[in-house]
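In my numbering, the protein residues as written are 561 to 910. Beta carbons: idealized from backbone N, C-alpha and C, even for Gly.
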Ligand code: NDP
């Protein structure tokens with residue numbers, strides 16, 4: 561009999577970065593869909609930095625199936641609007657099979673929905689045409705309002721969010737400087753995404769290189785990482801520059817997590833004051849109601865006509881989820897991190 565392989569959170573409290581023993585692989589019977597439910601098989605599982613925050617803060621409890629957004633295929637349906645074979649966006653978590661029902665999530669972008677896979681590959685609903693694309697669009701385009709000729713600096717520029725920021729900024733006529741963690745990523749950000757320059761944050765002369773790449777200073781900084789990268793960008797911020805404070809991933813393993821934003825603010829405060837920097841805290845959920853439709857139309861067109869490309873870092877098999885998650889948090893991913901849980905029947909057709 562086929563079973564449902566699944567990862568559960570093995571212990572609490574969780575400290576520091578992921579370690580062996582935080583997750584336990586087990587199996588369970590595959591559930592039968594009840595009234596107003598559909599049984600789905602996970603095709604792709606999205607691994608995202610925020611999942612570590614849920615685990616560390618106790619939102620996710622010991623013994624629970626680890627949370628994660630997914631693209632799945634409907635196997636059996638007793639749910640109106642969902643038919644066998646449909647490919648859907650849902651939240652199966654770190655497991656091979658899951659039920660979807662009429663439940664509506666707190667955030668619009670997490671509502672289950674049937675995907676139109678004639679328009680874009682299914683996995684893109686977890687990246688460029690999903691929450692990560694909307695994050696880039698909201699932070700850069702809506703909050704920071706880039707103008708042609710301005711310099712935009714982006715950290716984690718090859719990652720799930722960053723790669724979209726680079727390309728949207730270029731489409732808006734900006735000069736774009738990426739910051740990444742390897743030379744290979746630098747090449748990708750310049751050669752494939754079209755950035756004007758990209759600096760390896762691990763280079764011994766990173767600070768000098770960054771300064772050299774921004775001769776006119778920085779007008780917009782899209783902040784994904786914090787820490788030393790932020791401190792290198794700070795002196796380059798121009799008068800009336802804007803920051804979208806999207807994430808501080810370099811700090812997510814710090815046990816003093818509550819003070820991370822405070823430290824970032826304190827370090828930045830003198831420059832924010834003298835340069836009259838507009839700092840925009842970003843939470844993508846706040847942009848769904850007003851911008852998701854506009855984003856899907858505009859970004860959908862850019863993706864379909866090749867103006868926006870995307871790179872995925874795909875691991876094979878649900879058993880790889882913790883390893884892939886750990887690699888992403890350490891910066892070893894190259895593109896949007898996904899686990900392919902089952903062969904994608906749609907990818908073959910496209
Ligand atoms: P990425 O695909 O960008 O992967 C994470 C990247 O972070 C790594 O590839 C690495 O890039 C970089 N990184 C990891 N550790 C460090 C470190 N110690 N110092 C500097 N850089 C590091 O992930 P996502 O695109 O999913 O997420 C990017 C950011 O966006 C995260 O901070 C996340 O929390 C945030 N986010 C915020 C949202 C919001 O609503 N505000 C919504 C979605 C995401 P490299 O090695 O190339 O530097």
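Here's the rule: buried if 16 or more other CB atoms are within 10 angstroms of the residue's CB, otherwise exposed. What is residue i?
i: residue 697; result: buried
i: residue 847; result: buried
i: residue 563; result: exposed
i: residue 619; result: exposed
i: residue 908; result: Interpretation of residue 908 is limited by its pLDDT of 49, a score under 50 that renders its predicted location unreliable; the figure taken from the coordinates is listed afterwards. Exposed, because fewer than 16 other Cβ atoms sit within 10 Å of the Cβ of residue 908.
i: residue 561; result: exposed
i: residue 610; result: exposed
i: residue 602; result: buried
i: residue 861; result: exposed
i: residue 849; result: exposed
i: residue 776; result: exposed
i: residue 687; result: buried
i: residue 709; result: exposed
Would you mind stating whether residue i and residue j have Cβ atoms separated by less than 8 Å?
i: residue 689; j: residue 680; result: yes
i: residue 658; j: residue 597; result: no
i: residue 643; j: residue 634; result: yes
i: residue 605; j: residue 630; result: yes
i: residue 808; j: residue 577; result: no
i: residue 614; j: residue 649; result: no
i: residue 871; j: residue 782; result: no
i: residue 867; j: residue 700; result: no
i: residue 789; j: residue 755; result: no
i: residue 565; j: residue 656; result: yes
From residue i to residue j, what does the alpha carbon distance come to, in whole angstroms?
i: residue 812; j: residue 899; result: 21 Å
i: residue 762; j: residue 891; result: 11 Å
i: residue 738; j: residue 759; result: 6 Å
i: residue 746; j: residue 625; result: 36 Å
i: residue 794; j: residue 617; result: 29 Å
i: residue 575; j: residue 641; result: 42 Å
i: residue 841; j: residue 735; result: 23 Å
i: residue 512; j: residue 654; result: The structure shown has nothing for residue 512, since the chain only spans 561 to 910.
i: residue 639; j: residue 824; result: 46 Å
i: residue 910; j: residue 675; result: Low confidence applies to residue 910: its pLDDT is 43, below 50, so where it sits in the model is not reliable, and the reading given next is rough at best. So the alpha carbons of these two residues sit roughly 14 Å apart.
i: residue 833; j: residue 798; result: 12 Å
i: residue 836; j: residue 774; result: 19 Å
i: residue 771; j: residue 778; result: 9 Å
i: residue 875; j: residue 881; result: 8 Å
i: residue 741; j: residue 594; result: 47 Å
i: residue 843; j: residue 765; result: 33 Å
i: residue 567; j: residue 715; result: 31 Å
i: residue 886; j: residue 707; result: 37 Å
i: residue 718; j: residue 897; result: 11 Å
i: residue 722; j: residue 728; result: 10 Å
i: residue 827; j: residue 572; result: 32 Å
i: residue 784; j: residue 695; result: 11 Å
i: residue 693; j: residue 831; result: 29 Å
i: residue 810; j: residue 873; result: 20 Å
i: residue 691; j: residue 857; result: 14 Å
i: residue 864; j: residue 852; result: 17 Å
Give a single yes or no on whether residue i has its beta carbon closer than 7 Å to a heavy atom of the ligand NDP.
i: residue 855; result: no
i: residue 706; result: no
i: residue 809; result: yes
i: residue 732; result: no
i: residue 930; result: No statement about residue 930 is possible, as the shown extent of the chain runs from 561 to 910 and does not include it.
i: residue 716; result: yes
i: residue 758; result: no
i: residue 626; result: no
i: residue 842; result: yes
i: residue 880; result: no
i: residue 774; result: no
i: residue 651; result: no
i: residue 610; result: yes
i: residue 695; result: yes
i: residue 674; result: no
i: residue 897; result: yes
Hey, would you say the C-beta of residue i is under 7 Å away from at least one heavy atom of the ligand MN?
i: residue 701; result: With respect to the ligand MN, the structure shown offers nothing to examine, as its ligands consist of the ligand NDP.
Problem set entry | alpha helix (DSSP H) runs wholly inside the region 634-664, at least 4 long, in chain order | none
For this session: Would you list, in sequence order, the uninterrupted beta strand (DSSP E) runs of no fewer than 3 residues that lie entirely inside the region 575-625?
Result: 583-588, 598-606
Problem set entry | 3-residue-minimum beta strand (DSSP E) runs that sit fully inside the region 843-890, ordered along the chain | 872-876
Exercise. For the region 760-792, which segments carrying the beta strand (DSSP E) assignment without a break, of at least 3 residues, lie completely within its bounds, in sequence order?
Worked result: 778-783
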